[in-house]
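Notes for the one structure printed next.
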Amino acid sequence: MTQFYIVEIQQYANGDYGHIVHFAYDADPEKARLKGEATYYEVLAAAAVSELPTHSAIMFSTEGFPIMHQCYKHGSVTPAAE
Numbered sequence: 012m013t014q015f016y017i018v019e020i021q022q023y024a025n026g027d028y029g030h031i032v033h034f035a036y037d038a039d040p041e042k043a044r045l046k047g048e049a050t051y052y053e054v055l056a057a058a059a060v061s062e063l064p065t066h067s068a069i070m071f072s073t074e075g076f077p078i079m080h081q082c083y084k085h086g087s088v089t090p091a092a093e
């Protein structure tokens, strides 16, 4: 059995952080990785349009080896000075 973890990290408007742990596994190591990537990209799809200040995800192996990571930063847009 091969398993991967996907941790979703959220920063809230008050500055606090929270996290959600997802996982994916399969007897076939290649399928396990593909399932992990599918979950990782599902999390990022939500993070991309999130209204949280920062919303990120990291996928790593059971040995703690990082596979992929991404962070979206959402903030107020400051107009360019004229």
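In the numbering used here, the protein residues as written are 12 to 93. For glycine and all other residues, C-beta sits at the position ideal for the given N, C-alpha and C.
Check whether the Cβ atoms of TYR83 and ALA59 lie closer than 8 Å to each other.
Here residue 83 refers to the residue found at position 72 when the sequence shown is read from its first residue. Here residue 59 refers to the residue found at position 48 when the sequence shown is read from its first residue. Going by C-beta atoms, TYR83 is nearer than 8 Å to ALA59.
Distance, Cα to Cα, VAL54 vs ALA68?
Walking along the sequence shown from the start, residue 54 turns up at place 43. Walking along the sequence shown from the start, residue 68 turns up at place 57. Whole-angstrom Cα-Cα distance: 7 Å.
Once DSSP output is grouped into helix, strand and coil, what is the label at PRO77?
Along the sequence shown, one-based indexing puts residue 77 at 66. Residue state, collapsed to three classes: strand.
Local conformation of VAL18 per DSSP, three classes
For the purposes of this step, residue 18 is identified with residue 7 of the sequence shown, where counting begins at 1. Strand at VAL18.
Look up GLY29 in the DSSP assignment and say whether it is helix, strand or coil.
Walking along the sequence shown from the start, residue 29 turns up at place 18. Here GLY29 sits in strand by DSSP.
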